[in-house]
Each structure stands twice: as C-alpha cells, then as structure tokens.
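To start, the structure under review is shown below, and the notes come after it.
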Amino acid sequence: MGFFTGLILGIAVGLALIVGFVRCENVRSKRRSALATTIAAFARMTVEDSRKILAPEYYPSWVVFSQRQKLSWLNLHLTKIWPYVNEAASELIKASVEPVLEQYRPFILSSLKFSKFTLGTVAPQFTGVSIIENGEDGVTMELEMNWDGNPSMVLDIKTRLGVGLPVQVKNIGFTGVFRLMFKPLVEELPCFGAVCCSLREKKNLDFTLKVVGGDISTIPGLYDAIEGTIRDAIEDTLMWPARKVIPILPGDYSDLELRPVGILEVKLVQAKELTNKDIIGKSDPYAELYVRPLRDRIKTSKIINNDLNPIWNEHYEFIVEDASTQHLVVKVYDDEGVQTSELIGCAHIRLSELQPGKVKDVWLKLVKDLEVHRDNKNRGQVHLELLYCPIGMGNGYSNPFAPDLSMTSLERFLKSGVNGTEAIENERGVIQKKKEVIVRGVLSVTVISAEELPAVDLLGKADPYVVITLKKSEMRNKTRVVNESLNPVWNQTFDFVVEDGLHDMLILEVWDHDTFGKDYMGRCILTLTRAILEGEFKECFQLDEAKSGKLNLHLKWMPQPVYRDS
28 MGFFTGLILG IAVGLALIVG FVRCENVRSK RRSALATTIA AFARMTVEDS RKILAPEYYP
88 SWVVFSQRQK LSWLNLHLTK IWPYVNEAAS ELIKASVEPV LEQYRPFILS SLKFSKFTLG
148 TVAPQFTGVS IIENGEDGVT MELEMNWDGN PSMVLDIKTR LGVGLPVQVK NIGFTGVFRL
208 MFKPLVEELP CFGAVCCSLR EKKNLDFTLK VVGGDISTIP GLYDAIEGTI RDAIEDTLMW
268 PARKVIPILP GDYSDLELRP VGILEVKLVQ AKELTNKDII GKSDPYAELY VRPLRDRIKT
328 SKIINNDLNP IWNEHYEFIV EDASTQHLVV KVYDDEGVQT SELIGCAHIR LSELQPGKVK
388 DVWLKLVKDL EVHRDNKNRG QVHLELLYCP IGMGNGYSNP FAPDLSMTSL ERFLKSGVNG
448 TEAIENERGV IQKKKEVIVR GVLSVTVISA EELPAVDLLG KADPYVVITL KKSEMRNKTR
508 VVNESLNPVW NQTFDFVVED GLHDMLILEV WDHDTFGKDY MGRCILTLTR AILEGEFKEC
568 FQLDEAKSGK LNLHLKWMPQ PVYRDS
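Laid out in structure tokens, this is it:
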C-alpha cells in the first residue's frame, strides 16, 4: 500500500514540476517577445518622436540630440552654380590673401605673389548645418565642410639671390567648420545688413608644393618657409575670430570688423614632472604660448637647461578678440640645439572659464595632442596665473580696479599705474605709451606649520625646517628645526624687502636636519600676485616633489609702489 502511495505522489510531483517549468518558459518567452517589440519600436523612433515622449527637462544627461541638419539639397545646387562661385570667390580670396602673404613673407624671398588662382571644378561638400543662439542681434550659422579640391594655384616667388620660381599648390584637402553671421537684422529685405564669413574651426588642412618643371628641395628650407607662410596667411585672414565682412545694404558696419575686446595677462610660473626626452641627462624645456597661432603673437620662454621641474616666472600679454571661443595654448618643448625641438606636451584653457578682473591660478596637465582626449601617460604639468581684462570693463563684469569697488591702496595705485597707459603724440596720431609697473614693498611670511610630511629617518620620523628664498633678490631665511615630527609647528614670521613684486616669487623648501648633512623633503613655489592684490591671506599649500605633505602659510603685503616708462 505504501509503495503505491509513494508511486502516485512521485508521479504527481513530477507532473507538477514539468507543468510549472513549461508555464515559466511560456511566460519568459512572452516577456522576451514583448521586450523585442519594444526595442524594435525604439529603434524606429525619430528625434521628433523622442521629443514628443519626453519634455526637455526630463532628458537624462547622456541624451544628446544633434543640432546639425543634413545639407544634401545645398550640395546639389552648389555643384550646379560652382563655376560661377569659383570665378567670383577666386578674385576675392586672392585680393585678401596676397597682402597677408607679403606680410608673412620669409626673409629668403624678395617677392611672393599669385600668378594664377582658381578654386577648380570640384565644389566643397557641406555635411551639416546648425544655428548658434547667442542672444546677439543677428543670426549665426555654422556649416561643416569637406573639400578635396583640384584648384589651380601658382605662386610666383623670387629669392634674394634673384632666382625666380613658379611654385604650384596642389592636392589640397580641407575639413572644417565655416561660420556665417547675418547681422544686424533690419526691417528691409533681405532683413540683414551684412554677412560675416569666417572659418570657425580648422580640423584638417593638407597641401603639397611643387616647383613647375623642377624640384623645390634644391633650395634648402624653401619648402618649409613657403608652407609656413601659407598657413600663417590662412590663420590671419580666414580663421575665426578673423572674418570677412560683406555689406549687403548701405551702412556703417565697422563694428563687425575684427577688433580687440580684451587683454589676457599670463604668468608662466613653472612646470613639474616633465617627461625626459634626452638619453643622457635631462630635458632642456622651454614653452610656447599663444591665443592665435600667428608668428608675431607666439610667445617663447627662456630655456631651462637639464631640468624636469623648471621655474620660469615669466609674464606675457595677449590680445583677445573673442573671449567666448578663444583658448590659451601652452606647448612645452625639449630644446635640441641645432636640431628640431621635441614636443614634451601641450595644454589649453578656454578664456570663457576665466572670470574677468580676477586672477586664476591653474595647473594644466600636458597631453600629446589637444585633439586626442584620451592620454593617460603622465607628461607633466604646467603652472599658470591668468588675468583677463575686457577693454572698458563696461559689460557687466566686475573690475577690481574700478573706483566704485572697495580697493586696497595698491589697487588704487594700480588703477592709475597698472592700467599702464599714457597718451603721447607722434606722426601717426595719439598712441598709448605703456608704463612698466615696479611694485616695491615688504612681504611678511609666517610659516605656521606643516602636515603629513614624508618620513625620511630610519625610525619613521624627521627633523624638519623650512628655507624661505626670494628668487629675484636671493634673500634667504630659515625656520628653527623641530625634532622628530612629521607635523611640525613653527609659527615664525620673516620680513622680506621686495624691489619688484610683480616679477618676483617665493620658494619654500622643506629639509630634514641630520647631524651629517640634510635630506630634501619637498618645496612650494608661490608668486606674489595674490598677496599684492589681496593684501593678506592664509592658505594651505601642497608640497611639490614629495609623496605627501602640506605647508600652512600666512602672507601679508605692505606696498610702496613706483613706476617707470618702458
């Protein structure tokens, strides 16, 4: 009896398990089918469908709708009218570029002009268009453009030796973004007064040079000189913020022309942990800085020999034409003497990130290429102090030198001195004579304490002290030694007479005192800019060239400014 009961129960349980498994599989199959249907529906969705489902405020941060629209219709019509565009645009471009070629003409050439200039029979292709909304009185349109053209461009060059050569520019390939600005808007057809044309972004520009009936390499350095001149001319005449203004309706459009909108003050302080490019010894680094890569606007620092942590403390000034789109670019090279310098790394910062009238202290990580964002190799860092001052400061920005703001006595002086201009007359009219400001005063440095210093003794302790050096005058002081401590407290104050505060800097080195010598523990390098502008501040600074460690300082500035003509 028990056998039959167990048999029946076993069969019933087995059937129940089979039925349950089949039902679960059916449910899972239905769910997969429904999910596949949903995914297929999402795949068929357009941008307009997405906008109907979700309001903009509910979009996840990773959802991006492209603002660029395709332009197949424009490319079709441009191909038809290109012969007429070629004839009209060739003369316009030639007339615009030739004077700039003469301006950047290399010394080895006595003449550089186009003997023939046409854009060829292949029209550029526009791959996308977008409308830029910036709140200005006008309409700004940006078009992505590709051009693998067959232009006929021949440069008639003459060298200083009297040799004349026809040089053909061929195999031109260009990819970039072309900007059109229709402004100002008016109540008369075609509803805008003028068109501004410019290359907003130059993603790629390739071309080759060939002497007609000869070899350009027979004259050493000629190829590089002509190529550099052409690229400088394009940069100066076509690249944003440079623009060509074409009046459509009668009127004064001088406000649309390229003009300075501000001055960028840059202090190149130092770099650290640079990649060593030399097999024997260390790199000999120097830096190039620019806002626009024009030959006469690129600033070059001095060369620091055999040092991967160079200190420059050099000041530069750059003209800014469009703070919303321009960048400051820094490139650090290893000097190779007569050979071509080797790039260590480069970095850039958008001017739009700077608050006008306020000093920004930044460390920028060096990368191999500004266009490649994924670069995990440590190439070093560069230290900059930046100050952007819009011309006039009358556009809502706070000006620390304005009379209606609270200023220190130094700032009041800087208002009359650092603004640094004095009207003088010469044969070309009234110009501004710049004044070089000499900020003299007393700097009071209080070394309060240090935290988390690295252990350098065998017992896991250290006997630290700090050496304070004023770099330009080489004045030096040092604190007392605190025995067996990684978190020493000094609370010692030192006064330094500073003869040129804007160009001097403070170096604080932490050492471990030993009976027979000393061990280096790290350093901290400061400019005096913040102390001069704020008068007094207290801050905790991270030690460089150390695994860990911080230095707590209090700086106070008591100015005695003077100025001289430069």
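The sequence shown begins at 28 in the working numbering and counts up by one.
Don't be surprised by glycine CBs; every beta carbon is placed ideally from N, CA and C.
When the five nearest sequence neighbours on each side are left out, the beta carbons in the same chain lying within less than 6 Å of the beta carbon of residue 338 are those of 297, in order along the chain.
Assignment of beta strand (DSSP E) within the region 142-223, counting only whole runs of 3 or more residues, yields 152-159, 166-175, 179-186 and 191-212 in chain order.
The beta carbons of residue 539 and residue 490 sit closer together than 7 Å. In the DSSP annotation of this structure, the continuous segment of the beta strand (DSSP E) that includes residue 299 starts and ends at 289-299. In the DSSP assignment, residue 491 falls within the beta strand (DSSP E) that extends over 491-497. Rounded to whole angstroms, the separation of the alpha carbons of residue 548 and residue 535 is 11 Å. Assigned with DSSP and collapsed to three states, residue 331 falls in coil, not helix or strand.
In the three-state reduction of the DSSP assignment, residue 573 falls in the coil class.
When DSSP states are grouped into helix, strand and coil, residue 136 belongs to the strand group. Boundaries of the beta strand (DSSP E) harbouring residue 345: 338-347, taken from the DSSP string. Residue 250 sits in a helix when the DSSP states are folded into three classes.
The Cβ atoms of residue 177 and residue 147 sit closer than 7 Å to each other. The closest CA to that of residue 318, considering only 376, 471, 328 and 276, is found on 376. The beta carbon of residue 238 is closer than 6 Å to those of 192 and 194 in its chain, skipping five residues each way along the sequence. If you look at residue 42, you'll find it in the alpha helix (DSSP H) that goes 29-70. Between residue 469 and residue 586, the alpha-carbon positions lie close to 6 Å from each other. Annotated as distal: residue 571 and residue 392, with beta-carbon spacing of 7 Å or more.
Secondary structure note for residue 110: its alpha helix (DSSP H) is the uninterrupted segment 99-130. In terms of CA proximity to residue 566, 476 leads the group 481, 476 and 517.
Rounded to whole angstroms, the Cβ separation of residue 139 and residue 184 is 5 Å, and the two are in contact under 8 Å.
The secondary-structure analysis by DSSP pairs residue 396 with nothing; it has no beta-bridge partner. Beta-carbon to beta-carbon, residue 348 and residue 360 are separated by about 26 Å, too far to satisfy the 8 Å threshold.
In its chain, beyond the 5 residues on either side, 150 have a beta carbon closer than 6 Å to the beta carbon of residue 106. Around the beta carbon of residue 206, 16 or more other beta carbons sit within 10 angstroms, so the residue counts as buried.
In this chain, residue 479 is not harboured by any beta strand (DSSP E), its DSSP state being neither H nor E. Contact check between the region 217-226 and the region 269-282: three or more CB pairs, one atom from each, fall below 8 Å, which counts as touching. Collapsing the DSSP output to three states places residue 544 in a strand. The secondary-structure analysis by DSSP pairs residue 237 across a beta bridge with 195.
In the three-state DSSP reduction, residue 310 falls in the coil class, being neither helix nor strand. Looking only at 41, 555 and 518, the smallest Cα-Cα distance to residue 529 is reached by 555. Boundaries of the beta strand (DSSP E) harbouring residue 377: 369-377, taken from the DSSP string. Partner residues in the beta bridge of residue 315, as assigned by DSSP, are 327 and 358. Under the three-pair Cβ rule at 8 Å, the region 202-219 does not count as touching the region 251-260. Taking 7 Å as the cut-off, the Cβ atoms of residue 341 and residue 292 do not count as close. Distance from the Cα of residue 512 is smallest, within the candidate group 382, 494, 480 and 518, for 480. The alpha-carbon separation between residue 352 and residue 188 amounts to approximately 43 Å.
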